Amino acid sequence: MILPADFYHRPTLDVARDLIGKVLVRDARSTRTAGVIVEVEAYIGEDDPACHAAPGPTARNAPLYGPPGVAYVYLNYGLHALFNAVTEPEGAPAAVLIRALEPVEGLSLMRRRRSRAPWRRGKPLVPDHELCRGPGNLTCALGITLADNRRRLTAPPLSIEDRGLTAGEIEWSSRIGISVGTEHAWRCSARGHASLSGPRTRRGPSPA
DNA sequence: CGTTCGATGCACT
DNA sequence: GTGCATCGAACGT
Numbered sequence: 002m003i004l005p006a007d008f009y010h011r012p013t014l015d016v017a018r019d020l021i022g023k024v025l026v027r028d029a030r031s032t033r034t035a036g037v038i039v040e041v042e043a044y045i046g047e048d049d050p051a052c053h054a055a056p057g058p059t060a061r062n063a064p065l066y067g068p069p070g071v072a073y074v075y076l077n078y079g080l081h082a083l084f085n086a087v088t089e090p091e092g093a094p095a096a097v098l099i100r101a102l103e104p105v106e107g108l109s110l111m112r113r114r115r116s117r118a119p120w121r122r123g124k125p126l127v128p129d130h131e132l133c134r135g136p137g138n139l140t141c142a143l144g145i146t147l148a149d150n151r152r153r154l155t156a157p158p159l160s161i162e163d164r165g166l167t168a169g170e171i172e173w174s175s176r177i178g179i180s181v182g183t184e185h186a187w188r189c190s191a192r193g194h195a196s197l198s199g200p201r202t203r204r205g206p207s208p209a
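Residue numbering for the first sequence follows the working numbering, beginning at 2 and increasing consecutively.
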């Protein structure tokens with residue numbers, strides 16, 4: 002079942018927590034890619050210095066002030082489209098950034114898209130658990146672009162579904178990749194998941 | 001193991 | 001002109 006707009010019409014931290022375990026689905030013509038959301042971050046209001054709404058309304062951040070259940074997609078570092086779901090009532094600028102997915106549909110297409118990135122050309126194939134690890138990587142894998150900005154998330158070709166999956170153990174931590182607003186533990190993730198972004202998780206047995 | 005840095009485009013000052 | 005809600009390779013220790 003596709004999440005209705007009301008799902009997003011709530012406090013952003015609640016939406017962030019509830020998005021863990023939901024499925025982001027990209028449906029274009031004959032191609033379909035999807036992944037289970039395992040890592041998100043909340044960006045809440047003009048008082049949050051890391052939120053794009055911090056400077057007040059501008060041309061870029063307009064979707065944050067709009068109705069909930071809409072995509073806010075912007076270009077970061079000139080290279081990466083980053084995907085957010087707008088939350089809270091209209092007029093309250095806030096969103097949840099999707100940072101990582103566990104790929105579940107269209108893995109070969111994801112791998113093709115990821116391999117086509119300039120810095121990936123001629124490199125070994127991307128392992129499954131890295132296909133959607135990181136906010137820039139998952140938009141690449143799902144083919145989400147700036148053209149999806151302001152798109153409603155309540156119908157194809159871009160939507161988030163509840164498939165009744167159990168989210169596992171949920172963990173809150175500091176948001177990463179930002180220089181301000183790190184005092185808020187507004188990053189929410191499925192603990193220990195292989196697709197989490199950020200510093201590489203320690204592999205193998207820890208020394209006794 | 002850790003830190004640095006280039007690629008690359010656009011909104012904002 | 002400056003600074004990013006990044007990525008991953010290249011370096012230093």
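C-beta: ideal position from N, C-alpha, C; glycine also. As the structure is a computational prediction, the values presented were derived from the model and not from experiment.
ASP19 carries a helical assignment under DSSP once its states are collapsed to helix, strand and coil. Spanning the alpha carbons of ALA29 and LEU108 requires a straight line of approximately 15 Å. If you compare the alpha carbons of PRO50, GLU47, VAL105 and ALA86 with that of SER160, the shortest gap goes to ALA86. Here ARG33 is bridged, per DSSP, to ASP28.
C-alpha of TYR73 to C-alpha of PRO125: approximately 32 Å in a straight line. Unbroken beta strand (DSSP E) runs of no fewer than 3 residues, entirely contained in the region 148–175, are found at 159–162 and 171–174, following chain order.
TYR78 counts as exposed, since fewer than 16 other beta carbons sit within 10 angstroms of its beta carbon.
In the DSSP assignment, ALA142 falls within the unbroken alpha helix (DSSP H) covering 136–143. Going by C-alpha positions, GLU162 is about 13 Å away from VAL105.
Taking a contact to require three or more Cβ pairs closer than 8 Å, the region 81–101 and the region 20–29 qualify as touching. Counting only runs that start and end inside the region 73–118, the alpha helix (DSSP H) elements of at least 4 residues fall at 108–116.
Out of ASN138, ASP129, PRO90 and LEU147, the CA that lies nearest to the CA of GLY67 is found in PRO90. Between the alpha carbons of ARG113 and GLY135 lies a gap of roughly 17 Å. The Cβ-Cβ distance between ALA191 and ILE3 does not fall below 8 Å.
In terms of Cα proximity to ALA6, the closest of GLY193, ARG152 and TRP120 is ARG152.
For HIS81, the closest alpha carbon among the candidates THR59, LEU147 and ASP49 is that of LEU147. ALA195 and HIS130 have their C-alpha atoms roughly 6 Å apart. Annotated as proximal: VAL37 and LEU166, with beta-carbon spacing under 8 Å. Here DSSP, grouped into helix, strand and coil, assigns ARG61 to coil. CA-CA distance, ILE171 to PRO94, rounds to 25 Å.
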